[in-house]
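Chemist:
See the structure below:
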């Protein structure tokens, strides 16, 4: 009986403690919202995702403050955001993906209409949140858990074979991308691409032939290179083509 009581007490403690642990590394801020015709993301966001930025993560996306945007290194990053008004908001909160830069009135997040609505317990309390406009939140950086690898899209403004412009998508979420390089077989060397803006990288006069890629990623205090084991960009690449790499970062 005594052992059973101890077991039940331990279970009760875990039930009480684990939800708190989930948010043990949180920060406090504010969140507002923006609206579009369909309530989803803004295809003109600063990360350069275009239509992908409207629909990714079911349109549950956000613009983040300059502090979190980190000169675009956190484009594609995911955050678990929870409203602090327990009477109006859900306990779980919402996982949003950064596709844009923006801030107002001390906010770190400007959520899409769809994402902001998901902060609420139910549709009736969502309308109260919308009336407030800005709410107090707590947040933490989390993995997006796409279940797929990093993808690169050959931007429409690329010009074969003289100018290569890549959009990096599905980066993983909890890691920032600091640099992107392509491998040149002829010289056996890695060549740096330039961050043009957001998650868009460019290179004039790219090397001939199939190209491997590698990313310098940073998560917490760790910075490391992760690279493809095979060629990612074909020798005769096509403008508008989207290619899945063999790279996954958490």
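Numbering (my numbering), first residue to last: 499 to 748.
In this text, a Cβ means the ideal position worked out from N, Cα and C, and glycines have one as well.
As the structure is a computational prediction, the values presented were derived from the model and not from experiment.
1. Counting only the same chain and skipping the five closest in sequence on each side, list residues whose C-beta sits under 7 Å from that of residue 749.
2. Is residue 601 buried or exposed, if buried means 16 or more other CB atoms sit within 10 Å of its CB?
3. Select from 627, 554, 557, 676 the residue whose C-alpha is nearest the C-alpha of residue 720.
4. What beta strand (DSSP E) runs, 3 residues minimum, are completely inside the segment 593-659?
5. Strictly by DSSP, which residues pair up with residue 674?
6. If we call anything under 7 Å between Cβ atoms a contact, is residue 547 one with residue 639?
7. Can you list, in chain order, the residues of its chain with a C-beta nearer than 6 Å to that of residue 714? Leave out the 5 residues immediately preceding and following it.
8. Can you check whether the CB of residue 560 is closer than 7 Å to the CB of residue 697?
9. Of all the options 611, 575, 621, 652, which has the alpha carbon lying nearest to the alpha carbon of residue 716?
10. On the three-state DSSP scale, how would you describe residue 693?
11. Kindly identify the DSSP beta-bridge partner or partners of residue 666.
12. Let me know the secondary structure DSSP gives residue 554 once reduced to three states.
13. Does DSSP put residue 570 in a helix, a strand or coil?
14. Among the residues of its own chain, which have a CB less than 7 Å from the CB of residue 550, if the five just before and after it don't count?
15. Below 6 Å CB to CB, which residues in the same chain sit around residue 680 once its five sequence neighbours on both sides are set aside?
16. Taking 8 Å as the threshold, find out whether the segment 613-628 comes into contact with the segment 646-664 through three or more Cβ pairs.
17. Would you mind giving the Cβ-Cβ distance between residue 562 and residue 531, rounded to the nearest angstrom? I have them listed as a contact below 8 Å.
18. By the DSSP assignment, the beta strand (DSSP E) with residue 699 in it spans what residues?
19. Taking its Cβ as the centre, do 16 or more other Cβ atoms sit within 10 Å of residue 684, making it buried, or is it exposed?
20. Have a look at residue 537 and residue 657 and give me their C-alpha separation to the nearest angstrom.
21. Spatial neighbours of residue 733 within its chain, please: CB distance less than 7 Å, with the 5 preceding and 5 following residues excluded, ordered by chain position.
22. Hey, out of 558, 599, 642, whose CA is closest to residue 617's CA?
23. In whole angstroms, give me the CA-to-CA distance for residue 746 and residue 647.
24. What residue range is occupied by the uninterrupted beta strand (DSSP E) comprising residue 578?
Modeler: The answer reads as follows:
1. A question about residue 749 goes unanswered here, because the residues of the chain that appear run from 499 up to 748.
2. Under this definition residue 601 is a buried residue.
3. Among 627, 554, 557, 676, the Cα nearest to that of residue 720 belongs to 676.
4. Uninterrupted beta strand (DSSP E) stretches at least 3 residues long and entirely within the segment 593-659 occur at 607-610, 633-640, 649-652, given in chain order.
5. In the DSSP output, where bridge partners are listed per residue, residue 674 has 716.
6. Note that the C-beta distance between residue 547 and residue 639 is not below 7 Å.
7. Answer for residue 714: 676, 677, 723, listed in chain order.
8. Not in contact: residue 697 and residue 560 (Cβ atoms no closer than 7 Å).
9. The option with the nearest alpha carbon to residue 716 is 575.
10. Correct three-state label for residue 693: strand.
11. DSSP, once it has assigned bridges, lists 650 as partnering residue 666.
12. Three-state DSSP puts residue 554 in a helix.
13. Residue state, collapsed to three classes: helix.
14. Cβ neighbours of residue 550 beyond the five flanking positions: 667.
15. Contacts found: 689, 709, 711.
16. No, the segment 613-628 is not in contact with the segment 646-664.
17. Contact annotation, residue 562 with residue 531: C-beta distance approximately 13 Å; criterion of less than 8 Å not satisfied.
18. For residue 699, the enclosing beta strand (DSSP E) has its first and last residue at 698-702.
19. Classification of residue 684: exposed, given that the 10 Å Cβ count is below 16.
20. Distance between residue 537 and residue 657, taken at the CA atoms: about 34 Å.
21. In the same chain as residue 733, and ignoring 5 residues on each side of it, the C-beta atoms closer than 7 Å to its own belong to 706, 707, 708, in chain order.
22. Looking at the Cα atoms, 558 is the closest of the given residues.
23. Computed Cα separation, rounded: 5 Å.
24. Residue 578 -> beta strand (DSSP E) spans 576-581.
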